[in-house]
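First comes the structure, then the notes that go with it.
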C-alpha cells in the first residue's frame, strides 16, 4: 500500500494561548512497517485537553517538530506483527496523521460491533477510563454522597456524572451554555446543573444546588470554578484533580488553593492523577461500560470535525468550549 | 480541698496577631466535682499552635469568655469517679487553670515512671502522636525516601524527623536559628538541615539538601516555606498538611498552592489531618515511643515557662519562634 500520508506537526511552542502557528501540515509517504510493526489507516482521532500540557513538555510527551500524538481508531492497513491482519479494527496511541506506523505491542483490537467507532475514543475509551479510574481509585465514593463535576458536559465530566449516578451519588455539575445544562439535566440525569457563565456567584450557586455540601470534587477546569467548589467542600472531602482546562493556556497559573488551612480543619484530601497509570484497566472498563451503554445508563455526545488538516483549529476551539461533548476528528483519506 | 483556682480566659477575638488583650486572668474557687467527675491539680500545661485556629472558631473549640482549653498532666485532687483516687497521675484535655474539673471518662492514667511529667505533653503525648499518626496513616512512607520537615526543631517536627529516621528515611528539615539547626544535625540525627532565615533561596537550598527530590512533605509552617518544598516534590509525592504556623495570625492567608496542575503531572496527594481523629491510638503510640526513648532513638527538648498567668505571653511568643522544642507551662500553686 502506497500513497501520501497527511500529518500535523507540532512546530512551535505556544506562548499564552495555543494558536494555529504552533502547527504545520505536511505530507509524506505511508511508512513500510518494520518487523513487529503495523500500519493503521486512522479513521478517527481523539482531541483532548491534556495535549496542551504535553506541548509544554510537562508530561514529557511532545517534542517540537514531531507529529502530534493522539489516540486513534482505525483498520490495519499493513501488518508485520503476527497478532494483526489487514482489516482488523484497532485502537492505539497514534498520531495526528492519516496512517500511523506503530509497534504491534502498542495496538489493541476493538470490537466495534453495533456500537460504532467513535465511542472507543470517548465513553468506551480512555476518556471513559479516566472518569472511571479516577472515581474507582481516588474518590472513595459512598452512595448518598454529593459529587460536583466541572465541565460536566465534556468528554470526561459527562462520564463522571453518569457513573456517579450508577453508584448512587447525587451528581451536580456546571457547563458553559444553557444547551449543555439542558443536556446534563434531561439526557444524562444529573440531579442539578447550572450555566457558570450566567450566574452571579458560582460558589453560592453550588451551595444552592448542593445543600448538604460537596463530598467529592472531580476537577476538570480549575481557576475560579475550582475556588468556588473548594469553598463548598465538606469535612473529609476529596478533590480529584483530573484537569485544569482554564489554566493550560496561561503563562503563569492563576489557579491557587485559596486556603490551605482548610485542609486541616476539613481534613481534605487532594489527589492529582493521570489515566496513563491505569492503561492496563481498559479492558475491565470497556466490559463494564458496554453493559452500562446497553442498559441506557451511559451515553456520549460528540462533536466530529472532518479532515486531519482541521485538527489544529478544532483543538484550539476546545479551550473556548466550542465543542459539545467529545471532540473527534474524522480522518479523511 | 478548697482554695483559689487561677484561670486564663479567652476574652477577645484576635485581629491579626494574637495579643495579650485576647486573654484575661482571674480567680475562682476550686470546683466541687459532681458524681463521675474528678478535679486535677494541673502540674504542666501544653501550649500548641493549633489553639490559634481554635480561637478563630475554625475547629469549633474555643468560645469567647471561657477558660482556654489545653492538654494537661497532673494529679487527682478530688475524685467522684470510681477509676480515680487522690494522687493518681493523669493526662487530660483540661484548661489553662490550676485545677480542672472534668468527667472521669475524659481523663487517662499515665505512668510517669522514670520518664517524668513533661514528655507526656510532648514526645510521649499528643504531640508525638500527631507526628506518628500523620506518618502512619497518610504518608505511605518507604525506607530510602526523603522527607522534608518544616519547623523541624519544633514539638511535632522533631518527632517526625526522628520517627522517619527509625523507619529508614532520609530526614531533612529547616528551622529558624543556627542553634536549632545544630540541634537537628547533632542531637536528633537529621541528615541535613538549614536555617531558613539566612539562606538566599529556600527552594534552591532544599534542592541542595535533597538531591533526589522530596517524596514526603510534613508541613507545619506554610507560606513561603511550603511553596519552596512544593517546587521540590517528586513524582507521586505526598504532602501532609499538619499545621501552618506562618498563617495562623493572618487575616487573609497568603498561603496558596502555586500550581495545581503539578498535582496532575506529578500525581501528588495532599492531605490535611488532625490528631483528634487518632486519640484512640495514644496508648499504642506511647508503648512504641517509650521503647524508642529507651533505645535513645527519640528525644525531646522543652521550653518550660513558670506560672499559669504567663501562658498568654508564652503562647504569643510561640508564633515568633521564641521557644525551642515543646512549649510547656509549669502550673504554679
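Chains as they are written, first to last, in this note's numbering: chain V, 23 to 355; chain G, 23 to 355.
We put the beta carbon where it would ideally sit given N, CA and C, even for glycine.
Under the 10 Å beta carbon count, residue 41/V is surrounded by fewer than 16 other beta carbons and is classified as exposed.
Residue 227/G has its alpha-carbon roughly 54 Å from the corresponding atom of residue 111/V. Apart from sequence neighbours up to five positions away, the residues of its chain that approach residue 353/V with a beta-carbon distance below 7 Å are 64, 65, 66, 67, 120, 330, ordered along the chain. For the C-beta of residue 265/G, the chain V residues within less than 9 Å are, from N- to C-terminus, 283, 286. Looking at the DSSP output, residue 124/V sits in a beta bridge with 60/V. CA-to-CA, the gap between residue 185/V and residue 172/V works out to about 15 Å.
Three or more Cβ pairs closer than 8 Å define a contact, and the segment 156-170 of chain V meets that threshold against the segment 236-256 of chain V. Segment contact: the segment 177-197 of chain G against the segment 140-158 of chain G, three or more CB-CB distances shorter than 8 Å; contact assigned. Under a criterion of Cβ atoms nearer than 7 Å, no residue of chain V is adjacent to residue 148/G; the nearest Cβ is some 15 Å distant. Contact with chain V is absent for residue 138/G, since none of that chain's Cβ atoms lies less than 9 Å from the residue's Cβ. Annotation for residue 47/V: 30, 331 place their beta carbon closer than 6 Å to its own, counting only its chain and skipping 5 residues before and after.
If you check each beta-carbon in the segment 291-318 of chain G against every beta-carbon of chain V, the ones closer than 9 Å belong to 291, 292, 293, 294, 295, 296, 299. Proximity of residue 240/V to chain G, defined by a Cβ-Cβ separation below 9 Å, is not satisfied. Residue 165/G is classed as exposed because its beta carbon has fewer than 16 other beta carbons within 10 Å across all chains shown.
Among the CB atoms of chain G, none fall inside 9 Å of the CB of residue 184/V. Relative to the Cα of residue 322/V, the nearest Cα in the group 206/V, 219/V, 54/V, 105/V belongs to 206/V.
Where residue 202/G is concerned, the enclosing alpha helix (DSSP H) starts and stops at 200-208.
For the options 295/G, 225/G, 262/G, the alpha carbon positioned closest to that of residue 257/V is the one of 295/G. Under the three-state reduction of DSSP, residue 234/V is assigned to coil, being neither helix nor strand. Residue pairing by DSSP places residue 27/G opposite 50/G in a beta bridge. Across the set 109/G, 149/G, 336/G, the C-alpha of 149/G shows the shortest separation from the C-alpha of residue 115/G. With 16 or more other CB atoms across the displayed protein chains lying within 10 angstroms of its CB, residue 174/V is buried. Every beta strand (DSSP E) stretch that sits fully inside the segment 103-184 of chain V and reaches 3 residues is listed by chain position as 111-117, 121-125, 129-131, 168-171. At least 9 Å separates the beta-carbon of residue 245/G from that of residue 217/G.
Excluding five sequence positions before and after residue 326/G, the CB atoms of its chain that fall closer than 6 Å to its own CB belong to 350, 352, given in chain order.
Three or more Cβ pairs closer than 8 Å define a contact, and the segment 247-256 of chain G falls short of that threshold against the segment 246-253 of chain V.
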